[in-house]
Each structure stands twice: as structure tokens, then as C-alpha cells.
């Protein structure tokens with residue numbers, strides 16, 4: 001049996017992985033669902049990427065976790081890449097679930113179409129506390145397109161203010177993902193449109209992993225809400241040896 | 001419960017939506033399946049795109065329809081875009097089912113690979129009455145590739161002579177689809193090869209919608225014949241709020 | 001009922017098609033699973049592509065097979081293209097299962113990303129007997145990503161030394177596949193990553209067929225091991241008239 005650490009995406013906390021974690025535990029695995037610094041309700045919203053990475057690195061060390069299958073969702077791909085660069089000896093495999101894959105010196109916004117970056121910047125500027133929030137209509141149509149309206153609304157109410165600087169701060173890596181010797185999986189949800197199909201998401205992101213295992217399942221960017229059981233099944237196919 | 005108006009593609013009439021409409025009605029919805037001007041058996045085959053659009057616009061007005069979920073299949077995407085530009089106040093959402101998405105000044109043939117346009121032109125020239133007809137082998141291999149031969153043959157016998165000028169006449173729009181404030185869905189059949197995979201269909205067409213909801217299902221361009229129940233299920237996921 | 005001849009890919013023999021063939025026979029079809037020259041355990045490993053093609057051509061002639069649905073898997077696409085060019089009168093349809101589609105004068109390595117060709121060349125050079133062998137980790141992650149480790153290991157142990165010259169020798173064709181009048185199907189496994197997604201596999205390979213029937217199923221490049229029943233079902237959809 002394996003140890004899974006599930007690292008959430010922007011606007012989420014670890015708590016939203018609870019239904020997925022329950023399925024993984026039913027299959028006999030140990031599961032941790034930490035919340036990244038900057039996403040806790042009482043965090044200031046000026047947190048940057050280095051601090052976010054450090055918080056998950058600390059979590060693994062403080063809990064003495066090893067042989068970890070480390071999953072990152074979306075923005076969480078930035079975080080797990082930073083962790084893997086620093087403490088690969090604690091990891092068994094990386095799973096990028098519809099996640100960003102950075103090389104040294106890249107920020108998340110470098111992997112997003114410029115017109116969408118402009119929208120995020122405008123949203124962040126409109127708030128003024130360092131955070132950015134997704135408009136409901138964007139969430140409903142482009143992030144959780146596979147759910148009914150009630151599920152989409154309920155999930156939206158769980159989202160938190162995300163620190164925008166984690167999107168704009170460049171990552172510092174000693175080793176790019178393609179050169180990491182760790183096994184790596186990329187988990188695609190085929191109806192995910194958080195990044196536009198075509199030139200921006202898989203395979204543009206996954207090919208930065210070098211050798212990797214592709215797992216695909218139907219579903220949106222937010223399959224954790226719309227079908228946690230299906231997501232758990234796909235995670236197990238991505239995480240096994 | 002919602003009101004659906006299903007606008008067929010080239011070579012079809014509204015009658016071929018009957019099995020899909022039956023499934024939608026079973027789910028409690030009101031469904032209309034008009035036939036576009038130019039596709040009725042006694043129509044002259046010199047109808048152009050503006051006339052085709054006007055016929056569906058008139059249908060909505062004459063039947064006093066409002067709050068309509070308006071679906072267009074393939075060529076029908078040209079028609080619903082024109083209708084949405086003229087009477088958006090009667091619509092609740094647009095659904096493009098493997099459909100063309102035109103901007104102002106574009107004709108359908110501007111979204112088709114030039115070598116296929118040449119084939120269509122040759123087929124139209126060979127008839128001489130303004131119509132174009134698909135050869136059976138193209139229909140069977142590239143349009144209804146997911147059905148058995150009997151279904152493919154039976155469906156082919158239902159097709160009508162399509163007015164070629166609806167493919168070559170440029171659309172006139174006040175507002176391009178990306179700027180329309182209406183909610184929009186794009187419904188992809190993953191084995192659809194009526195347009196070649198790669199640079200020509202989704203996402204090249206869907207991205208012209210701006211913010212939109214992606215729904216995908218397995219099936220060919222002619223899922224209305226090969227699995228109407230599956231198509232109806234996908235339409236409901238595309239059409240809900 | 002039809003006659004299927006299943007032509008394996010690199011590192012395989014016909015024996016590994018036995019589970020798939022059993023499903024096709026249950027459906028009433030006659031099935032042959034020859035082994036290409038160069039892949040038999042006692043073959044010298046300097047066999048080239050022309051010799052490989054000749055061996056399957058001879059098999060069809062010696063067994064007096066006609067009206068054949070001829071399937072090629074991966075490298076087997078090179079072989080069936082060569083056979084179809086020489087004896088089209090014996091064939092009913094070609095099925096390319098995640099297979100290479102060559103035009104006259106192309107070698108398999110011309111359709112593989114240069115960095116992967118370099119890896120194959122290095123692997124071949126390291127052996128020195130003309131053969132090339134896949135490292136287990138590449139097999140497990142990129143070829144049979146949909147199976148569990150036990151299945152992946154068991155299948156790996158069945159692989160044979162593949163003659164590298166069949167990858168580098170250019171094919172000689174009188175007629176390119178797009179101009180062949182034979183019906184053609186392309187069968188995609190959607191999680192196949194033996195060739196990278198994006199610019200290298202479907203649709204880049206399938207579009208060289210001209211008019212063709214697309215059939216897709218979930219699964220890896222090695223669905224013959226991970227789910228022979230699902231592969232057989234897809235083959236029947238690809239092979240029927």
C-alpha cells in the first residue's frame with residue numbers, strides 16, 4: 001500500500017480532496033491532503049510561489065513522510081515540481097493532474113494565453129489585497145463544465161481567495177522535470193478547458209516531463225467535485241508502479 | 001423544463017432529429033425540429049445562407065418561442081449564429097454540435113480544407129441544379145464511421161439535395177460569436193471526421209466562441225442516427241444552466 | 001463472415017495476438033496471425049523492410065488468402081502498406097492500428113521525433129547484432145501505460161529482439177496509401193504515447209490515408225495485452241464494411 005500526498009490547485013484547500021481521499025483510503029492507501037500556504041482562510045494574500053512550495057516541503061518533513069506519491073492539481077503542479085527538486089529522496093512518483101509543469105525560471109502565467117493573463121491581472125487589480133478570484137460564469141463554463149448547476153454552485157462557495165503572486169513568481173529549480181529521474185505521470189481530464197485545447201495544455205505541458213505515463217479520464221478540470229470516485233480510480237492508475 | 005430548438009445540418013431535415021427529440025421530451029423538455037429553407041424536398045436548390053437563416057428566425061417568431069436553447073448541427077452552426085445575432089432576446093443558450101462557428105464575413109467553405117472545397121465544387125458542378133450530394137463512400141467512412149453498414153445505408157437514403165449556395169454565401173453579423181453575451185456550449189463527438197482532426201475542427205472552431213462550455217461524447221458526426229440516446233444525454237449536459 | 005490477417009508490431013510475434021484472435025473467432029471470423037520475417041526467435045537480426053514485407057506477402061499467397069481484412073500494428077503499418085501496394089486484389093480493407101503510414105521513399109524513422117531516433121540508434125549500436133531492444137521503463141511508461149505492473153512485466157518478457165534495419169530501410173511503393181482505392185481504417189488508442197501526442201501520431205499519420213474510417217478506443221499502444229476484448233471490439237468496428 002502506498003502513501004499519497006494530494007496538493008490542491010488555486011482557490012482550493014486540502015479539504016476539498018476529502019471525497020477523493022476517502023476512495024483512496026478504501027483501496028488501502030494512506031492519504032494526506034495539506035493546504036498550501038496562502039490558501040488558508042486566515043493567510044495574508046501576498047504569499048509567493050517559493051513560500052507556497054516551502055509549506056508543502058515542510059509538511060512532508062514534519063510528518064516524516066517518505067516513499068510518497070505526490071500529486072499536484074493545476075497550480076499544484078508548480079508546487080510539487082519545486083518540492084521534487086528539493087527533496088526527491090522522499091518521493092516515489094509525481095502525478096500531474098491537469099497541472100502546470102514549469103522549467104527553471106518559469107512562472108505559471110508564462111504557461112497561460114496572454115489574453116487570459118490580462119483578465120487575471122485585471123481581476124487581481126480590482127481586489128487590491130493581493131488575491132484573485134474567478135468569476136462564477138468562468139468557473140461554471142470553463143472549469144466545472146461537467147457538473148450540474150447545483151454542484152457547480154456548491155463547489156464555488158468553497159473556493160478561497162488565491163494569492164496572485166504565486167502565479168507570477170518564477171520558480172527556481174536545480175533540475176527541470178524532464179531530467180528528474182523520478183517516475184512521473186500526467187493525468188488528463190479530457191473535457192478540461194481551464195486551459196484552451198490546442199496549443200496550451202496536454203501535450204504542451206506533459207511533454208516537458210520527458211518520459212512519463214499518460215492517464216486520461218473523462219471529466220472537467222474540477223473532477224474532484226463532479227466525480228471523485230472516477231478521479232480516485234484514475235489517480236490509482238497514475239500512481240501505481 | 002426547457003425549450004429546445006434543434007437545427008439540422010446539411011442534407012438533413014428536422015425529421016431526422018425525431019429520435020433525439022423523443023429522448024429530450026422524455027426528460028420533460030419541449031422540443032421543436034424545424035427544417036431550414038432549402039432542405040425541404042420541394043425547395044428550389046438555389047437557396048442562400050441569408051434565406052436559410054431567415055427561415056429559422058421566422059420559425060421562432062411565428063411560434064412565439066422564447067427562452068430557447070438553440071442547437072445547430074454542422075452547417076446548422078451557420079444558421080444559429082445568424083439567428084442569435086438577430087434575435088438574442090429570444091434565446092437562453094446556443095449549442096454548437098460539431099458545428100461551424102462563423103465570424104462576420106465568413107462562409108462555411110472558408111472553414112473547410114481547400115482540397116475538400118474543390119471536391120464539393122466539383123460535385124455541385126456535376127449536378128447543375130444548385131445542389132450538392134455526398135457520395136455514399138464519403139458518408140459511410142468519414143461522416144457515419146461509428147455505425148454499421150445497414151444504419152449507414154438507411155440514413156443515407158433519408159438525405160436530401162443540399163443547396164450549395166448556403167456553403168459559399170458569406171454571413172453578415174453585427175456581433176461575432178465570441179462577443180455575444182449568450183451562454184454557449186460546444187458539443188464534440190470525438191470520432192467525428194467530417195472535418196479532419198488537427199487544425200480544422202475543435203478547438204479551431206470552438207475557440208471562436210470566447211467563453212464556452214465543452215461537452216464531449218464518443219461518436220461520429222452523425223450520432224443522431226448511430227446513437228440518438230447518447231446524443232440526447234450530451235445535449236442535456238450542454239444545454240443545462 | 002470475414003477473414004482477418006493481423007500483422008504484429010516491432011518486438012512482437014503473431015503469437016501475442018492469440019487472445020485478440022480468439023475474440024474475433026468467437027464473433028465468427030477466420031483469423032491468421034503470421035510472424036514477420038526478422039521477429040522469429042531464430043531469425044538473424046539483419047532483416048530489412050523489403051524482406052519483412054515479402055514474408056507477409058508470401059504468407060497470404062501460400063495460404064491462398066483473399067478478401068482479406070489486413071491489420072497492421074505500429075511498425076506493422078509499414079508492412080501492410082507494402083503488401084497492399086503489391087497484391088491489392090487479395091484485400092478487402094486495411095486497418096492501421098496505431099500504425100505507421102508510409103509514403104513511397106519513407107522509412108519508419110522518418111516518422112519518429114529525431115530525439116527518439118537517436119535513442120533507438122544508441123540502443124541498436126549498444127547491441128551490435130542488428131537488433132534493438134526497448135528498455136523496460138520506456139515500455140512500462142510509454143507503451144503499456146494502461147496496464148498494471150504484473151501485466152506489463154509479463155508482456156515484456158514475451159518481446160523479441162527487433163531488427164533495426166526494418167526501421168531505417170525506405171519503403172518502395174508504386175502507389176501511396178491516399179491513392180490506394182482499398183477501403184482503409186485507422187484505429188487509435190487514445191492513451192497511446194508510443195509516439196508523442198501533438199504533431200506525431202494521429203492525425204499526422206492517419207491523414208496520409210486520404211479517405212479513411214476513424215475508430216477510437218481507450219487504451220495504450222499495447223491494448224493487445226491490457227484488454228484484448230476491447231481491442232477485438234474496436235477491430236470489428238474498423239473492419240466491417
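Protein chains in written order, with our numbering: chain A, 1 to 241; chain B, 1 to 241; chain C, 1 to 241.
Where is the CB? At the ideal position from N, CA and C, for every residue including glycine.
query                                                                                                                                                                                       : result
9 angstroms is my cut-off, CB to CB: does residue 207 of chain C come that close to chain A?                                                                                                : no
Does the beta carbon of residue 145 of chain C sit closer than 9 angstroms to a beta carbon anywhere in chain A?                                                                            : yes
Among the residues of its own chain, which have a CB less than 8 angstroms from the CB of residue 84 of chain C, if the five just before and after it don't count?                          : 70, 91, 94, 177, 180 and 182
Is it buried or exposed, residue 102 of chain A, if we count other Cβ atoms within 10 angstroms and call 16 or more buried?                                                                 : buried
Using 8 angstroms for Cβ pairs, my map puts residue 123 of chain B next to residue 112 of chain B. What's the rounded Cβ distance?                                                          : Actually they are not in contact, since the Cβ atoms of residue 123 of chain B and residue 112 of chain B sit about 13 angstroms apart, beyond 8 angstroms.
What separation, rounded to the nearest whole angstrom, lies between the Cα atoms of residue 109 of chain C and residue 7 of chain C?                                                       : 19 angstroms
Is residue 216 of chain B close to chain C? Criterion is C-beta to C-beta, closer than 9 angstroms.                                                                                         : no
What are the uninterrupted segments assigned as beta strand (DSSP E) that are 3 or more residues long and contained completely in the segment 80-136 of chain B, given in chain order?      : 91-97
At the level of alpha carbons, what is the spacing between residue 52 of chain B and residue 37 of chain B?                                                                                 : 5 angstroms
Report back the beta-carbon spacing between residue 22 of chain B and residue 98 of chain B to the nearest angstrom; my notes put them in contact at under 8 angstroms.                     : Rounded, the Cβ-Cβ distance is 21 angstroms, inconsistent with contact.
At a CB-CB cut-off below 8 angstroms, which residues of chain B make contact with residue 201 of chain C?                                                                                   : Residues of chain B passing the Cβ test: none, with the nearest at roughly 11 angstroms.
Could you list which residues in chain A have their beta carbon closer than 7 angstroms to that of residue 142 of chain C, in chain order?                                                  : 211
Determine the chain C residues that contact residue 241 of chain A at a beta-carbon separation under 7 angstroms, and present them in chain order.                                          : 149
Pull up the DSSP beta-bridge partners for residue 185 of chain A, would you.                                                                                                                : A:95 and A:213
Please report how far the alpha carbon of residue 49 of chain B lies from the alpha carbon of residue 106 of chain B, in whole angstroms.                                                   : 11 angstroms
Drop a sphere of 10 angstroms on the beta-carbon of residue 114 of chain C, count the other beta-carbons inside from all chains shown, and report buried for 16 or more, exposed for fewer. : exposed
How far does the beta strand (DSSP E) with residue 71 of chain A in it extend, from its first residue to its last?                                                                          : 68-73
Residue 196 of chain B touches chain C at which residues, Cβ-Cβ below 7 angstroms?                                                                                                          : 203 and 207
Around the C-beta of residue 78 of chain B, are 16 or more other C-beta atoms found within 10 angstroms, so that it is buried, or is it exposed?                                            : buried
Pull the bridge partners of residue 161 of chain A from the DSSP assignment, please.                                                                                                        : None; residue 161 of chain A has no bridge partner.
Please compile the residues from chain A whose C-beta is within a distance smaller than 8 angstroms of the C-beta of residue 222 of chain C.                                                : Correct list: empty, because the minimum Cβ distance to chain A is about 13 angstroms.
Identify the contact partners of residue 16 of chain C in chain A, using a Cβ-Cβ distance below 9 angstroms as the criterion.                                                               : Ordered by position in chain A, no residue passes the 9 angstroms Cβ test against residue 16 of chain C, which lies about 22 angstroms from the chain.
In angstroms, rounded to a whole number, what distance separates the CA positions of residue 66 of chain A and residue 33 of chain A?                                                       : 15 angstroms
Please tell me whether residue 30 of chain B has its Cβ less than 9 angstroms away from any Cβ of chain C.                                                                                  : no
Looking only at its own chain, which residues have a Cβ that is under 6 angstroms from the Cβ of residue 60 of chain B, when we skip the five neighbours before and after it?               : 90
Considering just the uninterrupted stretch of the beta strand (DSSP E) at residue 30 of chain C, what are its terminal residues?                                                            : 30-32
Chain B partners of residue 191 of chain A, CB-CB under 8 angstroms?                                                                                                                        : 214, 215 and 216
Between the segment 131-148 of chain A and the segment 156-165 of chain A, are three or more C-beta pairs nearer than 8 angstroms?                                                          : yes
Thinking C-beta only, is residue 143 of chain B closer than 9 angstroms to residue 237 of chain B?                                                                                          : no
Report all residues from its chain with a CB closer than 7 angstroms to the CB of residue 31 of chain A; omit the five preceding and five following residues, and keep chain order.         : 4, 6, 21, 24 and 25
Within 9 angstroms (strictly less), CB to CB, does residue 138 of chain B reach chain C?                                                                                                    : yes
Pop quiz: residue 75 of chain B and residue 186 of chain B are said to be a contact at Cβ under 8 angstroms. What is the actual Cβ separation, rounded to whole angstroms?                  : Residue 75 of chain B to residue 186 of chain B, Cβ: 15 angstroms. No contact.
Between the alpha carbons of residue 45 of chain A and residue 39 of chain A, how many angstroms are there, rounded?                                                                        : 8 angstroms
Considering residue 5 of chain A, what are the terminal residues of the beta strand (DSSP E) in which it resides?                                                                           : 3-7
With residue 239 of chain B as the anchor, note down where its alpha helix (DSSP H) starts and where it stops.                                                                              : 228-239
Considering residue 53 of chain A, what are the terminal residues of the alpha helix (DSSP H) in which it resides?                                                                          : 49-62
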